[in-house]
Amino acid sequence: MLLEEGRIHIVRGPKENRHRPAVDPLFRSAAHAYERRVVGVVLTGGLDDGTSGLFTIKHKCGIAIVQDPRDALYPSMPQSAREYVDVDYTFPLKEIAPLLTRLAHEPVTDGSLQVPAVPLSEWKEEKVTTMEQNDLQKEELNGNPSVFFLSRMWWRALGNA
1 MLLEEGRIHI
11 VRGPKENRHR
21 PAVDPLFRSA
31 AHAYERRVVG
41 VVLTGGLDDG
51 TSGLFTIKHK
61 CGIAIVQDPR
71 DALYPSMPQS
81 AREYVDVDYT
91 FPLKEIAPLL
101 TRLAHEPVTD
111 GSLQVPAVPL
121 SEWKEEKVTT
131 MEQNDLQKEE
141 LNGNPSVFFL
151 SRMWWRALGN
161 A
């Protein structure tokens with residue numbers, strides 16, 4: 001699931017952290033669409049899901065909230081986010097909903113902060129994330145095709161399914 005200003009897209013892009021939909025592409029797309037108006041929340045969970053997307057939210061001057069790892073059933077997601085992202089708030093789960101309510105009623109900053117330019121590598125990453133299956137048949141791919149992709153195309157050219 002990806003966000004674009006005013007729209008939600010459900011795409012069948014690549015899996016991230018073995019999941020589709022995944023939280024990181026959702027967070028990254030929200031950050032690109034809404035910049036400082038985004039609030040990302042990382043709760044209990046395994047591995048480091050959410051860290052990359054939360055980093056992008058902060059890069060775009062959004063707000064990062066993380067559940068207190070001591071309060072989490074599975075603390076590795078909140079721990080990873082706290083380790084790699086300059087989070088704004090770390091609270092127990094029961095205190096996050098009131099915080100979100102308060103933040104939703106506060107005005108967004110006036111924009112006096114400059115949003116850093118997005119590096120080209122980040123735009124390429126987002127293009128891969130949003131890639132649909134039929135894009136694989138087009139000539140718009142980044143990088144060189146793998147041997148396996150070329151073998152499949154050769155196999156199809158010979159009339160095999």
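Just so we're aligned: 1 in full-length UniProt numbering is position 1 of the sequence shown, and the numbers increase by one with no gaps anywhere. Beta carbons are placed, not taken as given, at the ideal position from N, Cα and C, and that holds for glycine. This one's a predicted model, so the numbers in the text were calculated from it and none came from an experiment.
Glu16 carries a strand assignment under DSSP once its states are collapsed to helix, strand and coil.
Ranked by Cα distance from His59, the options Val39, Pro75, Arg70 are led by Val39. By the criterion of a C-beta distance shorter than 8 Å, Pro21 is surrounded in its chain by Met1, Ile10, once the five residues flanking it on both sides are discounted. Restricting attention to Pro107, Ile8, Ile96, Arg102, the CA atom closest to the CA of Val42 is found in Ile96. Note that the segment 98–106 does not touch the segment 42–58; fewer than 3 beta-carbon pairs, one per stretch, sit closer than 8 Å. No Cβ-Cβ contact shorter than 7 Å links Thr44 with Val66.
With a 10 Å radius around the Cβ and a threshold of 16 neighbouring Cβ atoms, His32 comes out buried. Under the DSSP definition of a beta bridge, Thr90 partners with Val66. Taken atom to atom, the span from the alpha-carbon of Ala64 to that of Val108 is near 14 Å. Within the DSSP secondary-structure output, Leu100 pairs in no beta bridge.
Ala30 has its alpha-carbon roughly 10 Å from the corresponding atom of Arg36.
In terms of Cβ geometry, Tyr74 and Gly46 form a close pair [threshold 7 Å].
The alpha-carbon of Glu4 is positioned some 18 Å away from that of Pro14.
By the beta-carbon neighbour count (other beta carbons within 10 angstroms, threshold 16), Arg82 is buried. Rounded to the nearest whole angstrom, the C-alpha separation of Asn17 and Asp86 is 22 Å.
Classified as exposed, Pro92 has fewer than 16 neighbouring CB atoms from the shown chains inside 10 Å of its CB.
A direct Cα-Cα distance of roughly 20 Å separates Ser80 from Lys94.
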